[in-house]
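Inspection log for the structure reproduced underneath, given as structure tokens.
There are 2 protein chains.
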Amino acid sequence: MAVMEPRSNPSSVERAIAWIDAANGRLAAEAVPVSEASGRVLAEDICAAYPIPSADCAALDGFAVRARETLGAGAYHPIVLAACLVAAGGALPEGTDAVVPLEHAEPQQDAGVAMVEAVAAGDNVHRRGAIAGAGAILLTGSTRLGPRQLGLLACARLTRLLVVRRPRVRIVIAGSVMSGAVEDSDGPMIRAAVERDGGLPETTGLADAFAAGADIVLVIGGTGPGAADKSATALAASGELSIRGVALRPGETAGIGRTAGGTLAMLLPGAPAACLWTYEMFAGRAIRRMAGRDPRLPFRRRPMTTARKIVSAVGLTEICAVRYRPDGAVEPTASFAETGLKAAVEADGFVIVSETSEGHPAGSVVDVYLYDDIGTSPEARA
Amino acid sequence: MAVMEPRSNPSSVERAIAWIDAANGRLAAEAVPVSEASGRVLAEDICAAYPIPSADCAALDGFAVRARETLGAGAYHPIVLAACLVAAGGALPEGTDAVVPLEHAEPQQDAGVAMVEAVAAGDNVHRRGAIAGAGAILLTGSTRLGPRQLGLLACARLTRLLVVRRPRVRIVIAGSVMSGAVEDSDGPMIRAAVERDGGLPETTGLADAFAAGADIVLVIGGTGPGAADKSATALAASGELSIRGVALRPGETAGIGRTAGGTLAMLLPGAPAACLWTYEMFAGRAIRRMAGRDPRLPFRRRPMTTARKIVSAVGLTEICAVRYRPDGAVEPTASFAETGLKAAVEADGFVIVSETSEGHPAGSVVDVYLYDDIGTSPEARA
Numbered sequence: 000m001a002v003m004e005p006r007s008n009p010s011s012v013e014r015a016i017a018w019i020d021a022a023n024g025r026l027a028a029e030a031v032p033v034s035e036a037s038g039r040v041l042a043e044d045i046c047a048a049y050p051i052p053s054a055d056c057a058a059l060d061g062f063a064v065r066a067r068e069t070l071g072a073g074a075y076h077p078i079v080l081a082a083c084l085v086a087a088g089g090a091l092p093e094g095t096d097a098v099v100p101l102e103h104a105e106p107q108q109d110a111g112v113a114m115v116e117a118v119a120a121g122d123n124v125h126r127r128g129a130i131a132g133a134g135a136i137l138l139t140g141s142t143r144l145g146p147r148q149l150g151l152l153a154c155a156r157l158t159r160l161l162v163v164r165r166p167r168v169r170i171v172i173a174g175s176v177m178s179g180a181v182e183d184s185d186g187p188m189i190r191a192a193v194e195r196d197g198g199l200p201e202t203t204g205l206a207d208a209f210a211a212g213a214d215i216v217l218v219i220g221g222t223g224p225g226a227a228d229k230s231a232t233a234l235a236a237s238g239e240l241s242i243r244g245v246a247l248r249p250g251e252t253a254g255i256g257r258t259a260g261g262t263l264a265m266l267l268p269g270a271p272a273a274c275l276w277t278y279e280m281f282a283g284r285a286i287r288r289m290a291g292r293d294p295r296l297p298f299r300r301r302p303m304t305t306a307r308k309i310v311s312a313v314g315l316t317e318i319c320a321v322r323y324r325p326d327g328a329v330e331p332t333a334s335f336a337e338t339g340l341k342a343a344v345e346a347d348g349f350v351i352v353s354e355t356s357e358g359h360p361a362g363s364v365v366d367v368y369l370y371d372d373i374g375t376s377p378e379a380r381a
Numbered sequence: 000m001a002v003m004e005p006r007s008n009p010s011s012v013e014r015a016i017a018w019i020d021a022a023n024g025r026l027a028a029e030a031v032p033v034s035e036a037s038g039r040v041l042a043e044d045i046c047a048a049y050p051i052p053s054a055d056c057a058a059l060d061g062f063a064v065r066a067r068e069t070l071g072a073g074a075y076h077p078i079v080l081a082a083c084l085v086a087a088g089g090a091l092p093e094g095t096d097a098v099v100p101l102e103h104a105e106p107q108q109d110a111g112v113a114m115v116e117a118v119a120a121g122d123n124v125h126r127r128g129a130i131a132g133a134g135a136i137l138l139t140g141s142t143r144l145g146p147r148q149l150g151l152l153a154c155a156r157l158t159r160l161l162v163v164r165r166p167r168v169r170i171v172i173a174g175s176v177m178s179g180a181v182e183d184s185d186g187p188m189i190r191a192a193v194e195r196d197g198g199l200p201e202t203t204g205l206a207d208a209f210a211a212g213a214d215i216v217l218v219i220g221g222t223g224p225g226a227a228d229k230s231a232t233a234l235a236a237s238g239e240l241s242i243r244g245v246a247l248r249p250g251e252t253a254g255i256g257r258t259a260g261g262t263l264a265m266l267l268p269g270a271p272a273a274c275l276w277t278y279e280m281f282a283g284r285a286i287r288r289m290a291g292r293d294p295r296l297p298f299r300r301r302p303m304t305t306a307r308k309i310v311s312a313v314g315l316t317e318i319c320a321v322r323y324r325p326d327g328a329v330e331p332t333a334s335f336a337e338t339g340l341k342a343a344v345e346a347d348g349f350v351i352v353s354e355t356s357e358g359h360p361a362g363s364v365v366d367v368y369l370y371d372d373i374g375t376s377p378e379a380r381a
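If you read the protein sequences in the order shown, they are chains A and B. So for the first sequence, numbering that gives the first Met the number 0 puts the first residue at 0; every next one is plus one. So for the second sequence, numbering that gives the first Met the number 0 puts the first residue at 0; every next one is plus one.
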């Protein structure tokens, strides 16, 4: 059996993250129609081009009235008026200046509507420009566009927006180290994670890995120790391998560098749990930043008590899967070393134990990152 | 001015939800490739067809050894062996039965590797089938497939899966009640919300609204009171309008029923905030259930203290936007009646005040639904 050289000097996770953060930034802006802007990140502040609303209109469904004609109206003193029913958002009829809500008005059998509450001029009315005057900022740059933001932009009659370009993420399956099973397992996982983080995944072979046209290259597999590190060899030959090996478990054989053209390139181990965690910690961070998102892990963090000891090796930053207990605490599950991705699938979240720590004793409060899958969170949804 | 009849007997929100829950269920299953299954919901339990792993393999990067040859090794008593470097996930070489982690082994200048810790047979090894035996359940039906679940399925060499079919959601812009501005504002918002909830949006005109081919029809606008309720008239004429008007603010003019062909149909007010909330409370609920997801609101709920009084009308279920304060409490923002969708965009979450409640006094604990936009949540991410 040949003896091969392992990585001698793995980078700390902190140094790898600092390298990545210094190596990339938000991508340039591109214009897209509002109808295709869902999930995108604004590249600029959005100002109202027109007043919103563009005319005085009803704030709720009710009867448009001249406010002064309702003076003195009350439950014991209804005032019957000829009043026009208006829907929320509808313009006020000429001459009216207030809206009596439906529940304070009672249409009469013959004609007219009995008002049982007085209103003042402007009550339940959106004045022209009341929501936003022309030029007012509606959304600030860096806002991620969800349904309600898109609705506001459409209300403001915006049709095209400047958003941050989506990073083109080249995924290269370099092949497994020694087990055929590894080769097929990472592509669907990493593509889904890239899409989650705002990237546009594309898949190529190792031959085209380091050609131009991508914003970041992820080479999966072939990072193994010794002769199995063909990805590291390929990157070092065609560009620059700045970090070779990281003190992260799972994920020790990750590599980080640049192609000859200067494109960020990351080597992710082929073993699925290691591939997942080097993606989450390093590749995803770069992609999220390029896409204009918060670069940090896209999981909510919450202090929780661990009911059992969490053990970790000093000198390695370790990801420990945890699950909820009925008593509201968490406990470690099988490790990634024991059950691979199955540990991630069975977990409700994870704890990151720093390289200077041996872990956490039972009963201590730990920072838990929560997957927040619907139905499993200890905080009810309804 | 003509006097028009408002809805006389609006449904309670509870009754509307009960009607919707009784009216629809999870759609049938369809087979998709693993590569296209991201975000989908499993329609069946997934069992391992083969043992995972399919051979004994290394659980972490290290040196494959015969465990008995490391007996007695320690920091002060290294044992030098001819050992083979293996990467995590790699099959163990013939004759070896344990892996010494890289940090407990030191390759020698000339030949061999010094082991500074003894291992037992099976240490740091995934035995064939140890993660899952053939036939073991890997994921249960109803699981939503994210990156880590897709990775596990690919590890198990699954290529096609049965997932719940995505509901075809027909969005019909019926036109505004009285203001041209309303017409354009709802489409992008509702399409984004439908996609968020797992539906496939398609847009048609009112003429084709109630034809076959959709799983649910959302008619937007034309729900206004009186003569402006052309959508309600159209649905009542071509099918059945079971609920006309709901005691929800914003959203009083919503309608719920079925087309002549029996397809669920919902009439959403055109005013943007009312459109958003009737979508979230009613239409989205039906779509999420059809898609196999949790039908409840897709927002995390958390008890928080309100620093200011939240006011609501008795007899109406009211959505009140709230925002975080630096002291960790929440306070109501401008109402939807005052600033429409701008209130939703400026909010960090919302409170649902039931129709039997006048609201909540300052200092009381309320259930807050959180938008959880990254960077704004009081729970840090990192």
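Note that CB positions come from ideal geometry on N, CA and C, so glycine has one too.
By alpha-carbon distance to A:GLY221, the top candidate from A:ALA210, A:ASP214, A:LEU70 and A:ALA233 is A:ALA233. A:ASN123 is the residue among A:TYR278, A:GLY186, A:ALA129 and A:ASN123 whose C-alpha sits nearest the C-alpha of A:LEU59. Leaving aside the five residues that flank B:ALA191 on each side, none in its chain has a CB nearer than 8 Å to its CB. The Cβ neighbour count for A:GLU102, taken over all protein chains shown within 10 Å, is at least 16; the residue is labelled buried.
Annotation note: the segment 289-331 of chain A contains the following uninterrupted beta strand (DSSP E) runs of length 3 or greater, listed N- to C-terminal: 299-304, 316-323 and 329-331. Taking the CA atoms as reference points, A:ASP109 sits about 51 Å from B:GLY291. Taking C-alpha positions only, A:LEU240 is separated from A:LEU263 by approximately 10 Å.
Cα atoms of A:ARG65 and A:GLY94: separation of roughly 7 Å, rounded to the nearest angstrom. Fewer than three pairs of CB atoms, one per stretch, sit closer than 8 Å, so the segment 243-258 of chain B makes no contact with the segment 163-172 of chain B.
Three or more beta-carbon pairs separated by less than 8 Å are not found between the segment 105-119 of chain B and the segment 21-28 of chain B, which leaves the two stretches without contact. Judged by beta-carbon spacing, A:PHE349 lies beyond the 8 Å limit of A:TYR323, meaning their Cβ atoms are not closer than that value. Taking 8 Å as the cut-off, the beta carbon of A:LYS341 is found no closer than this to the beta carbon of B:LEU144. Using a Cβ-Cβ cut-off of 8 Å, A:GLN148 is close to VAL344 of chain B, given in chain order. Judged by DSSP in its simplified three-state form, A:PHE209 adopts coil rather than helix or strand.
Neighbourhood of B:LEU138 in chain A, by CB distance below 7 Å: VAL344, in chain order. Listed along the chain, the chain B residues whose CB falls inside 9 Å of the CB of A:GLU317 amount to none; the nearest CB is some 11 Å away. Classified as buried, A:GLU317 has 16 or more neighbouring CB atoms from the shown chains inside 10 Å of its CB. Annotation for B:LEU267: no alpha helix (DSSP H) segment contains it, though the beta strand (DSSP E) segment containing it runs 263-267. The CB of A:SER11 never comes closer than 7 Å to any CB in chain B; the least such distance is about 14 Å. A direct Cα-to-Cα measurement between B:ALA253 and B:ARG243 gives close to 6 Å.
Within its own chain, the residues whose Cβ lies closer than 6 Å to the Cβ of A:PRO200, once the five positions on either side in sequence are excluded, are VAL168, ILE170, ARG190 and VAL193, listed in chain order. In the structure shown, the three-state DSSP call for B:ARG39 is coil. A Cβ-Cβ separation of about 6 Å places A:GLY269 in contact with A:ILE219 under the 8 Å criterion.
Residue contact check for B:THR305 against chain A: no CB pair falls below 8 Å.
Below the 7 Å Cβ cutoff, chain B contributes no neighbours of A:LYS229, its closest Cβ being approximately 12 Å away. Residue-level contact by beta carbon holds for B:GLU102 and chain A, with a gap shorter than 8 Å. In this structure the segment 328-342 of chain B touches the segment 299-314 of chain B; the number of beta carbon pairs closer than 8 Å is three or more. Assignment of beta-bridge partners to B:PHE62 by DSSP yields B:LEU84 and B:VAL99. Counting along the chain, the unbroken alpha helix (DSSP H) around B:VAL12 starts and ends at 12-22. Within the same chain, Cβ atoms closer than 6 Å to the Cβ of B:ALA272 are found at PRO249, PHE335, GLY339 and LEU340, the five residues on either side in sequence being excluded.
Cβ atoms of A:LEU267 and A:VAL12 stay farther apart than 8 Å, at about 15 Å. By the 16-neighbour rule on beta-carbons within 10 angstroms, A:ARG159 is exposed. At a cut-off of 8 Å between beta-carbon atoms, A:ILE16 makes no contact with chain B. Contact annotation for A:ASN123 against chain B: ALA336 [CB-CB distance below 8 Å, chain order]. Chain-order list of chain A residues neighbouring B:ILE172: empty, with the shortest C-beta distance near 11 Å, by a criterion of under 9 Å.
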